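Report on one structure; see the data block that follows.
Protein chains in written order, with our numbering: chain G, 1 to 256; chain A, 1 to 195.
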């Protein structure tokens, strides 16, 4: 069970598909004009991701290597069509707002990347959890970007007015240019947070500090991490031990 | 004559006002991925132009001659992505055999195009806007030119950015995204033009 919790945390924080891996940029930029659109897009992609991961994982022994990408695309587009028809029937306003970006989930790189990198090599349950975690990571990132854009650009959040009346909404954040600017600033903030966490971990080699260390090694700046570990291995070792076991468990889990 | 002017205006609008990258966000992945050098950007742009023009024609024909008469229009996403994948494969084989120089120039970018949302997006847009055959091909071609132009402009910007001394947290993707935002701001000036 612990393994799955870790997998979900990985998808939302350490390996966030949008903010860390920069996958699926088209819907990220296009559908974050409002929080409701972002939630709709995120959940639609999550549904497709879970279904396609499960299906591809079930069929992983039958799909020939040579035509696997084409097979994955057919499976994914089948589920996307299903989601599209369901949304058209039951969530018509959202369907109208998202427009062409719903069929374009087919070519969202996150889904194909998870099919190729995870679902084609792992059993059904871990694949489903992987789809859920990556989908949630995508949704969280979209909601974060959309919150910034909607609050600054329209003064509302989920359609409710949140800014004081003297605040004049800056339309630029709703326009395409605002999408690039907001995402750039958020990625910069994430980078800053990561380097703060790394500096903190270096200054306070406490269990909490160590907790941050493995995340850093996975994601971005390993250079800053390697030095303290090499300098004082004796003091670090007892605290890191449980951590490495856990990561080994998850590594075994994903290698199954 | 009227129709010709109409098509030309529509093409101009797809290049500038409805630019795939800066207004519609189709094809952002290759845009961010291969725009670090002008030469690779040009290769990608050429490959995309080639595929979008052909796929606009092919998807239009399949939609209007097969899907529509048999009431299968709800299958258009699946049908189009298969057509595009097959077309990309076909173009790759054809070029390898008959135009090796172009094949070498487009190189690894061709197979990547299958999952480029610009291609599927333009095919779906043609259907949504109910363009006829000539319009579909012309608008597809123009949109691809707009994509190529955007990626080339941006490759030039990125070549300069490599020498910029940005704060550490802004290095890499954030700086790239923010400069793209500035170019998008310039492009949004075109949206005042009414065709």
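Here a beta-carbon is modelled for each residue, glycine too, at the ideal position from N, C-alpha and C. Nothing here was measured: the structure is a model prediction, and the numbers come from that model.
Query raised in the report: Which residues in the same chain have their Cβ closer than 7 angstroms to the Cβ of residue 114 of chain A, if we skip the five residues on either side of it in sequence?
Result: 84, 85 and 88
Query raised in the report: Does the separation of the CB atoms of residue 19 of chain G and residue 180 of chain G fall below 9 angstroms?
Result: No, Cβ-Cβ distance for residue 19 of chain G and residue 180 of chain G is not below 9 angstroms.
Query raised in the report: Going along the chain, which residues of its own chain have a beta-carbon closer than 7 angstroms to the beta-carbon of residue 35 of chain G, five neighbours each way excluded?
Result: Cβ neighbours of residue 35 of chain G beyond the five flanking positions: 143, 146, 147, 150, 157 and 158.
**Report entry** Cross-chain neighbours of residue 116 of chain A in chain G, by beta carbon under 8 angstroms
**Finding:** 107
Query raised in the report: Does the separation of the CB atoms of residue 138 of chain G and residue 42 of chain G fall below 9 angstroms?
Result: yes
**Report entry** Continuous alpha helix (DSSP H) stretch holding residue 111 of chain G: start and end
**Finding:** 109-114
Requested in this report: Would you list the one or two residues that DSSP bridges to residue 19 of chain G?
Outcome: Its beta-bridge partners do not exist; DSSP assigns none.
Query raised in the report: For residue 156 of chain A, which residues from the same chain have a beta carbon less than 7 angstroms from its beta carbon, with the 5 sequence-adjacent residues on both sides left out?
Result: 38
Query raised in the report: Should residue 140 of chain A be labelled buried (16 or more other beta-carbon atoms within 10 Å of its own) or exposed?
Result: Residue 140 of chain A should be labelled buried.
Query raised in the report: Quick one, which residues of the segment 48-74 of chain A are near chain G if we go by CB-CB under 8 angstroms, in chain order?
Result: 74
Report task. For residue 173 of chain A, I'd like the list of residues in its chain whose CB is within less than 7 angstroms of its CB, leaving aside the five on either flank, ordered along the chain. Result -> none
Query raised in the report: Residues bridged to residue 284 of chain G by DSSP?
Result: Shown here, chain G extends from 1 to 256; a query on residue 284 of chain G therefore has no answer.
Query raised in the report: Using the beta-carbon count (16 or more within 10 Å), is residue 12 of chain G buried or exposed?
Result: Looking at its Cβ environment, which holds 16 or more other Cβ atoms inside 10 Å, residue 12 of chain G is buried.
Query raised in the report: Count the other CB atoms within 10 Å of the CB of residue 128 of chain A; is the residue buried (16 or more) or exposed (fewer)?
Result: exposed
Query raised in the report: Between residue 11 of chain A and the rest of its own chain, which residues show a CB-CB distance below 7 angstroms, the 5 nearest in sequence each way excluded?
Result: 138, 139 and 142
Query raised in the report: Which residues in chain G sit within 9 angstroms of residue 128 of chain A, going by Cβ to Cβ distance?
Result: 99 and 100
Requested in this report: Could you list which residues in chain G have their beta carbon closer than 7 angstroms to that of residue 180 of chain A, in chain order?
Outcome: 180
Requested in this report: Kindly say whether residue 145 of chain G, judged by its beta-carbon, lies nearer than 9 angstroms to any beta-carbon of chain D.
Outcome: Reference to chain D is not applicable here, since the protein chains of this structure are G and A.
Requested in this report: Would you identify the three-state DSSP class for residue 33 of chain G, choosing helix, strand or coil?
Outcome: coil
**Report entry** At least three beta-carbon pairs within less than 8 angstroms, the segment 115-126 of chain A to the segment 24-36 of chain A
**Finding:** yes
Query - chain G residues whose Cβ lies nearer than 7 angstroms to that of residue 78 of chain A - result: 74, 77, 78 and 81
Report task. Mind checking which residues open and close the alpha helix (DSSP H) that includes residue 165 of chain A? Result -> Careful: residue 165 of chain A lies outside any alpha helix (DSSP H) and carries neither H nor E.
Query raised in the report: Any beta-carbon of chain A closer than 9 angstroms to the one on residue 8 of chain G?
Result: no
Query raised in the report: If we ignore side chains and look at the alpha-carbon of each, how far apart do residue 102 of chain A and residue 43 of chain A end up?
Result: 9 angstroms
Requested in this report: Step through the CB atoms of chain G and report whether any lies within less than 9 angstroms of the CB of residue 150 of chain A.
Outcome: No - not a single Cβ of chain G is within 9 angstroms of the one on residue 150 of chain A.
Query raised in the report: Of all the CB atoms in chain A, is at least one closer than 9 angstroms to the CB of residue 93 of chain G?
Result: no
Query - Cutoff 7 angstroms; reference residue 32 of chain G; Cβ partners in own chain excluding five residues on either side - result: 38, 142, 145, 146, 149 and 179
Query raised in the report: DSSP on residue 60 of chain G, reduced to helix/strand/coil?
Result: coil
Requested in this report: Might you give, ordered along the chain, the residues of its own chain that have their beta carbon closer than 7 angstroms to the beta carbon of residue 158 of chain A, omitting 5 neighbours on each side?
Outcome: 35, 36 and 176
Query raised in the report: Given that residue 188 of chain A touches chain G, what residues does it touch there, using C-beta distances under 8 angstroms?
Result: In chain order: 175, 176 and 177.
Query raised in the report: Is residue 188 of chain A near residue 175 of chain G, with beta carbons less than 9 angstroms apart?
Result: yes
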